[in-house]
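Chemist: Numbering (full-length UniProt numbering), first residue to last: 1 to 178. Quick one: structure below, then a few questions.
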């Protein structure tokens, strides 16, 4: 007991904090130090957020099953009606059980091939945008360049300025580095 009292006194002197803020062990009970690394920490998800996640997953699954917009909207309205039936349930245990049953039903009836937008992650065209390098303009035939004389005149000026800036900063090609 004497050690904790002396520890509190030393902490009080060093930090100018009253000892009433510390417990018997000399630690501040209001401030907890997490032992979990920051990249492994997770936050709590409220019941409403879980319901919204289930609803969104159900609507995304409908896109996989129904190709026409009318079929999709009809079934989306039916799903919304099922969610609205249980909207005002006050019993937390029953509400939690309904969400769990909803996820079980979703896993049972979900489409085997999920709809993905082509350019979204895991889509067929994700990060497949064609890139056109500027140096490819140098390979154009002079007759092709004559179709855009203003652009290529500006481009040549920019290339000359770039080369001049390069030589000014790094020196000419003729100079040996080693």
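Ideal Cβ placement from N, Cα and C applies to all residues, glycine included.
1) Secondary structure at residue 141, three-state DSSP: helix, strand or coil?
2) Can you check which of these residues, 128, 152, 117, is closest to residue 134 by C-alpha distance?
3) Tell me which residues share the same chain as residue 89 and place their Cβ nearer than 8 Å to its Cβ, disregarding the 5 neighbours each side in the sequence.
4) Excluding sequence positions up to five away, which residues of its chain have a Cβ less than 6 Å from the Cβ of residue 61?
5) Using only the alpha-carbon positions, how far apart do residue 167 and residue 158 sit?
6) Please report the distance separating the alpha-carbon of residue 85 from that of residue 131.
7) Is the number of C-beta pairs between the region 64-71 and the region 111-122 that are closer than 8 Å three or more?
8) Is it true that the CB of residue 59 sits closer than 8 Å to the CB of residue 45?
9) Does the Cβ-Cβ distance between residue 57 and residue 106 come in under 8 Å?
10) Apart from the five residues just before and just after residue 83, which ones in its own chain have a Cβ nearer than 8 Å to its Cβ?
11) Given residue 144, which residues of its chain have a CB within under 8 Å of its CB, disregarding the five upstream and five downstream residues?
12) If you measure between the beta carbons of residue 137 and residue 155, is that distance less than 8 Å?
Modeler: On the basis of the data shown:
1) Numbered from 1 along the chain shown, position 141 holds the residue referred to as residue 141. Of the three classes helix, strand and coil, the one that applies to residue 141 here is coil, per DSSP.
2) Here residue 134 refers to the residue found at position 134 of the chain shown. Of 128, 152, 117, the residue nearest in Cα terms is 152.
3) Numbered from its first residue, the chain shown carries residue 89 at position 89. Closer than 8 Å at Cβ, skipping near neighbours: 95, 98.
4) Against the chain shown, residue 61 aligns to sequence position 61. Excluding residues within five positions, the ones whose Cβ falls inside 6 Å are 110, 111.
5) Translated into positions along the chain shown, residue 167 becomes position 167. Translated into positions along the chain shown, residue 158 becomes position 158. Their backbone Cα atoms lie some 14 Å apart in a straight line.
6) Sequence index remark: in the chain shown, residue 85 carries index 85 (1-based). Sequence index remark: in the chain shown, residue 131 carries index 131 (1-based). If I take the Cα positions, the gap works out to 51 Å.
7) yes
8) Position 45 of the chain shown, counting from 1, holds the residue named residue 45. Position 59 of the chain shown, counting from 1, holds the residue named residue 59. Contact flag unset, no.
9) Position 57 of the chain shown holds residue 57. Position 106 of the chain shown holds residue 106. A contact, by the Cβ cut-off of 8 Å.
10) Position 83 of the chain shown holds residue 83. Same-chain partners within the cutoff: 51, 55.
11) Taking the chain shown and counting its residues from 1, the one referred to as residue 144 is at position 144. Excluding residues within five positions, none has a Cβ falling inside 8 Å.
12) On the chain shown, residue 137 is found 137 positions in, with the first residue counted as 1. On the chain shown, residue 155 is found 155 positions in, with the first residue counted as 1. Yes, these two residues count as a Cβ contact at 8 Å.
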